[in-house]
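Protein chains: 4
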Amino acid sequence: MRSPLRAPRLTERQENPARIEAFSDGVFSVAITLLVIDIHVPSFPHAPTNLEMWVALRDIGSKLLIFAVSFVTIGFFWIGHHLIFWSIERSNRILMWSNLLFLFPIVCLPAATALVGEYPSNGTAATVYVAIVLAAALLLDIVWWYASSNGLVSSEMARENVRSQHRRLIVVTLILLVAACIAPIFPRFAIGAMLVAILCIIATTGSRMLVD
Amino acid sequence: MRSPLRAPRLTERQENPARIEAFSDGVFSVAITLLVIDIHVPSFPHAPTNLEMWVALRDIGSKLLIFAVSFVTIGFFWIGHHLIFWSIERSNRILMWSNLLFLFPIVCLPAATALVGEYPSNGTAATVYVAIVLAAALLLDIVWWYASSNGLVSSEMARENVRSQHRRLIVVTLILLVAACIAPIFPRFAIGAMLVAILCIIATTGSRMLVD
Amino acid sequence: MRSPLRAPRLTERQENPARIEAFSDGVFSVAITLLVIDIHVPSFPHAPTNLEMWVALRDIGSKLLIFAVSFVTIGFFWIGHHLIFWSIERSNRILMWSNLLFLFPIVCLPAATALVGEYPSNGTAATVYVAIVLAAALLLDIVWWYASSNGLVSSEMARENVRSQHRRLIVVTLILLVAACIAPIFPRFAIGAMLVAILCIIATTGSRMLVD
Amino acid sequence: MRSPLRAPRLTERQENPARIEAFSDGVFSVAITLLVIDIHVPSFPHAPTNLEMWVALRDIGSKLLIFAVSFVTIGFFWIGHHLIFWSIERSNRILMWSNLLFLFPIVCLPAATALVGEYPSNGTAATVYVAIVLAAALLLDIVWWYASSNGLVSSEMARENVRSQHRRLIVVTLILLVAACIAPIFPRFAIGAMLVAILCIIATTGSRMLVD
């Protein structure tokens, strides 16, 4: 029980961020699946014809659109989180709390999606939505900044490579900041700009891995 | 920290698709459990007798039926996903995004199930439902095609065996395409054909593993 | 790529039931958390006093009670599933499908819980509830029977020990069968008997592990 | 099959609390994401202006506040659970059931959050909320007490270190007991005191790990 062989094993389990990843994966997967919960079945006064159903479904098109945007956004953050935790080899409580804080806007996103889906042309709804995405980008940046400046990252080599990830996060953050500012006046344009920024980041990073 | 022994360890973690599997498992399990969320408790003007409750439950029978069909469908895709990722040994961002795209129709299935459950004889509802299942089959095929043609699959031997999985996916895709075409006119028949196709695939593959 | 050293590694991953466990854990955890979703906040015509709130919460007491019963029931099946998969070392598609079938009544349980919570004295509701629990017990038994009679279980020694698990499952199944028969006439008694049977099984097995 | 080399492997899997952690992570992540489900989109008689939307969102501010408090509380218990299971190396059925019991108040928290969000100034709602958090703290304490006094913890060294975790849990429990007593009269103050206590614990423990 007290053998020196046991002790490092415990330390290894302690430092392992595997459970942070498992918990985060759980939150991401529930949040991404809950997006759809707000898409209610349309109701009709009588049995609808095929055409009436098409019209009703087309009317909830804006909800489906913002739902798809949120799906891509959560997917983007999941992959960003994935990339960052690839190079994190040790965890501590501050990392856990930073990670939990980052998950807060992710958990809020289904409610914000429902809000924008209901009022797609409302400036306040779009501002709240973009602000939540902005908060997620900022907090993921903080998670990475904390981990890399406190020796939790595996090697200098990896840090060098992840620095480009950091740079990408800052670019996203700046674009989101601008989008949040114009959202009260041009709600649709702000959400579109947010999506374009995310898609650009995705396209430019391609299939490259952390350690090329 | 800079030791060459550390670096491959990171690369190994990077290439490991374990977290894609964990995230996908999360999405599958939430989606399969959310199917039931649309089955609301029947309401009565007074305390119902046993017989009245039976009648009320029988009336929501079509919902239970399509719920069971969706359960089998999600189970089918989960097992297909499982089989494909068994032979995938490395991941990259394109694989992650293809996998996320594949999860999009899976996440949409609970809402489509609710739609068909509410309007079981509506052609548009059935078409949307079959189209979503078709999209899932196509996208899973793309995930497999990308992984196998970009060297992410573990060995030639495994690829040989998984080729039959690919063939099965194409057969399902074709049947679903036909089902989607007839769905606007024969909604119940189209969903039935979809289910029969899935059950045939399940029955013919039996308990065989990838490497027989 | 074709090295003989790779091949067993793939086979090992294939035979590993770890992802079945992960998916099942996901379904169990979503189902057990969704139980609570039917407990709606009571509404009042005006700001309620402390006493009025107590009365309102006491009125939804039957919902809380059946929710607690379902929590214990899902916990019971999770632990049973856990014990069985401890000794399963290999998986195949039939095991996957048996496991999926077993998860079907688990996924139905939140809806059945809401039904009994709404109509606690209705015989049909109680029969449906007990029948779903009975189906789960039967199907878990089938999973175990299939695994143990097809060489998927780790060792004879373990099988000897898990035989007692099998016997316990049969006892539960029989008690549930009786409970399902009396449920139409004595709904509360049937659910009570079900709970007592589960608690007895829990109490008699104590903290013993599979391999004592 | 009967080789002595296999047997310890099974025992190792049996004693491994990894699946308890996976199931608990699932419950925690579903519960923390379901918190948001009660935040409904405000409805308006006509298309709202930006200002009207701000006013409507500010009105649901108390819901957002208690949602944030519950988010921190569930995060606190997740990290506490994480720290405790770091040093638990073996599991048995009593540990599993204690852990399930601990998850019961966690699962109840979204419903209690909705209750306090709807009636933030009601004493009974606040009492129920604080009592549920108190139950979680007590039951996590019992999980730790059982594990440490039954040889499931990895080493004396770790126990020494986790003793401070135990002490912290008792302090939280006592503060929550006081908060539960004053909640019927000062509901907002009781929940505030609960939050302050949790934040103090978080601040004083900092980034220290179990084995310093």
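Residue numbers (my numbering), protein chains in the order written: chain E, 11 to 222; chain U, 11 to 222; chain L, 11 to 222; chain Z, 11 to 222. By construction, the Cβ of each residue, glycine as well, lies at the ideal position given by its N, Cα and C atoms.
Starting from residue i, follow the alpha helix (DSSP H) in both directions and report where the run begins and ends.
i: A32 (chain E); result: 28-44
i: D48 (chain Z); result: Segment: none, D48 (chain Z) is in no alpha helix (DSSP H) and carries neither H nor E.
i: Y156 (chain U); result: 133-159
i: T123 (chain U); result: 103-128
i: V65 (chain L); result: 60-69
By DSSP, does residue i sit in helix, in strand, or in coil?
i: I98 (chain U); result: strand
i: L209 (chain U); result: helix
Less than 7 angstroms between the C-beta atoms of residue i and residue j, yes or no?
i: G36 (chain E); j: S39 (chain Z); result: yes
i: P27 (chain E); j: I98 (chain E); result: yes
i: V140 (chain E); j: A190 (chain E); result: yes
i: T137 (chain Z); j: A207 (chain Z); result: no
i: N60 (chain Z); j: T183 (chain E); result: no
i: W154 (chain E); j: I212 (chain E); result: no
i: A146 (chain E); j: T43 (chain Z); result: no
i: S108 (chain L); j: I152 (chain L); result: yes
i: L186 (chain Z); j: V143 (chain Z); result: yes
i: L110 (chain E); j: G85 (chain Z); result: yes
i: V126 (chain U); j: I76 (chain U); result: yes
i: R177 (chain L); j: H92 (chain U); result: no
i: P130 (chain L); j: S53 (chain L); result: no
Count the other CB atoms within 10 Å of the CB of residue i; is the residue buried (16 or more) or exposed (fewer)?
i: P55 (chain Z); result: exposed
i: A200 (chain L); result: buried
i: I195 (chain L); result: exposed
i: G202 (chain Z); result: exposed
i: A57 (chain Z); result: exposed
i: M204 (chain U); result: buried
i: N132 (chain Z); result: buried
i: V65 (chain L); result: exposed
i: S159 (chain Z); result: exposed
i: G34 (chain Z); result: Checking the sequence, you will find Ser at residue 34 (chain Z) rather than Gly. So S34 (chain Z) counts as buried.
i: R268 (chain L); result: Residue coverage of chain L in this structure runs from 11 to 222, which leaves residue 268 (chain L) outside it and unanswerable.
i: S164 (chain Z); result: buried
Would the C-beta of residue i count as close to the ligand GTP, meaning under 6 angstroms from any of its heavy atoms?
i: I98 (chain L); result: As far as ligands go, the structure on display features none, and thus does not contain the ligand GTP.
The segment 99-106 of chain U contacting the segment 41-52 of chain U, beta-carbon criterion three pairs below 8 angstroms: Segments in contact, no.
Decide yes or no for the touch test of the segment 68-82 of chain L against the segment 113-129 of chain L: beta carbon pairs closer than 8 angstroms, at least 3 of them. Contact between the segment 68-82 of chain L and the segment 113-129 of chain L is present, because at least three Cβ pairs lie under 8 angstroms.
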